[in-house]
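Peer 1:
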Amino acid sequence: MAHIVVLGAGLSGSIMAYELRNSLRAEDTITVITKDPYYHFVPSNPWIAVGWRARADITIDLAPTMAKKGIAFKAVASKRLHPEENRVDLVDGTSVSYDYLVIATGPELAFDEIPGLGPHGGFTQSVCHVDHALAAKEAFDKLLANPGPVIIGAVQGASCFGPAYEFLFILETALRRAKVRDRVKMTYVTSEPYIGHLGLDGVGDTKGLLESEMRAKHIKWHTSSRVKKVEEGRMTIEEINDDGTVKAEKELPFAFSMMLPAFRGIKPLQGIEGVSNPRGFTLVDRHQQNPKFKNIFAVGVCVAIPPMGPTPVPCGVPKTGFMIESMVTATAQNIGNMVRGKQPDRVGTWNAVCLADFGDSGIAFVAQPQIPPRNVNWSSSGKWVHLAKVGFEKYFLRKIKKGTSEPFYEKLAMEAMGINKLKKVTKG
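Sequential numbering from -17 applies to the sequence shown in the numbering used here.
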């Protein structure tokens, strides 16, 4: 009998536990450790921030579902990993031992790396967590009552650009519906070297599609930009040349700002030699297995992936839902092999599929593989993307609530490459 611990219960951790239940032997046990007893559907946070969703709409109590699947569930935050001892210390003073560990914690949000950034004592909002999105909703209501300039974007070192673009256009749609868009100047500030880079050097014509949308909606932008500091109502940025020198320093006023931060690994995993890199992300090989501690695996945003290449301002590589699902499936099957005395042999596909909702339209892209050169390099836009995102939200929440591990992104990718079929599905 083997005991497998899953550390984290977000998108990657929850489906990891369900897939393990299907891959392990009947006598093997699973324990999920998470600081939050509730699953929140993070892709819906931009809708929360403009009042299109409430917390209850995107929240699931995980304990009952885990119990039905025979999975032990501990809603206690981790304190420190001890890989040599196969043990995780928890903040309540207890510890949990394991035979195999799957790290699925997601990131720590590095707001503190820029003075004045973030909702915790800073001056910008976030959509990285449902609590942040609810705080952003309060700031949005103030913006409607007293319209002024808006700055949306992603700071240096950020690796998840999709939500920044999503919220930019969702906010623009919400302002138009409230009849105050004409009183709000909108600016997009990003570390990307060009609009639509996404940390992926673009996918299909994401550059052209996103620039066209921004021009049509009178949104200005600053690329290759580094946020120096944020003060109340004012953001100082540095535009960077290709050689890394400062081209210009600018002060941008704002009445409302949402900036995505850089990510790093959580504190219980930071500074562990052989487990994490200098940013605290977990090191894995092609089998999602840690090279030093062979009974440790990692999936999701906490995995260390090097940037695609040098950019004037640092840009990380996103871990999209499709990539995460492929990591999870490979890991579940590899641990299933190991408990049966076999070697890991499964490799995640690490492809990218994204639906970026704009409130009344959107952009979709498929990258296979995620890192270029690619076999599939496709993007498209239209109202059908918004419908597809709504359908995906309902599907995924039902999947988490029922405890099923059916991969969705792979099906979506197959449909996306037959674009007319996908449009029919989202209209049906």
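In this text, a Cβ means the ideal position worked out from N, Cα and C, and glycines have one as well.
Under 6 Å Cβ to Cβ from D123, same chain only, skipping five residues before and after it: list those, please.
Peer 2: No residues qualify anywhere along the chain.
Peer 1: Can you give the beta carbon distance from G98 to E221, rounded, assuming they're within the 8 Å contact cut?
Peer 2: Actually they are not in contact, since the Cβ atoms of G98 and E221 sit about 19 Å apart, beyond 8 Å.
Peer 1: Among E193, A230 and D339, which residue has its Cα nearest to the Cα of K210?
Peer 2: Considering only alpha carbons, the answer is A230.
Peer 1: For I401, which residues from the same chain have a beta carbon less than 7 Å from its beta carbon, with the 5 sequence-adjacent residues on both sides left out?
Peer 2: Its pLDDT being 45, under 50, I401 is placed unreliably by the model, and nothing is read from it.
Peer 1: What are the boundary residues of the alpha helix (DSSP H) that R380 is part of?
Peer 2: Looking at the DSSP string, the run of the alpha helix (DSSP H) that includes R380 is K365 to K384.
Peer 1: Quick one: grab the DSSP three-state call for V335.
Peer 2: The answer is strand: DSSP assigns V335 an E or B state.
Peer 1: Going by the DSSP bridge assignment, what does Y147 pair with across the sheet?
Peer 2: Partner(s): none; Y147 has no beta bridge.
Peer 1: Taking the continuous beta strand (DSSP E) assigned at P235, which residues delimit it?
Peer 2: Its beta strand (DSSP E) spans residues V228 to P235.
Peer 1: If I follow the unbroken beta strand (DSSP E) through I353, where does it start and stop?
Peer 2: Note, I353: premise wrong, no beta strand (DSSP E); not H, not E.
Peer 1: Do the segment 51 to 58 and the segment 6 to 22 meet, that is, are 3 or more Cβ pairs less than 8 Å apart?
Peer 2: Taking 8 Å as the limit for Cβ pairs, the verdict is that the segment 6 to 22 does touch the segment 51 to 58.
Peer 1: Using only alpha-carbon positions, find the residue among Y80, I254, T172 and A8 that is nearest to M240.
Peer 2: Here the closest residue by C-alpha is T172.
Peer 1: How many Å lie between M196 and D327 at the Cα?
Peer 2: Roughly 45 Å between the two C-alpha positions.
Peer 1: So, with DSSP's three-state summary, where would you put E90?
Peer 2: Residue state, collapsed to three classes: strand.
Peer 1: If you draw a straight line from the alpha carbon of L(-7) to that of N272, how long is it in whole angstroms?
Peer 2: Taking the straight line joining both Cα atoms gives about 21 Å.
Peer 1: Who pairs with H64 in a beta bridge, going by DSSP?
Peer 2: DSSP lists R69 as partners of H64.
Peer 1: If the criterion is Cβ atoms closer than 9 Å, does the pair G88 and C336 meet it?
Peer 2: The answer is no: Cβ separation not under 9 Å.
Peer 1: Count the other C-beta atoms from every protein chain shown that fall within 10 angstroms of the C-beta of Q315, then say buried if there are 16 or more, exposed otherwise.
Peer 2: Counting Cβ neighbours within 10 Å, Q315 comes out buried, since at least 16 surround it.
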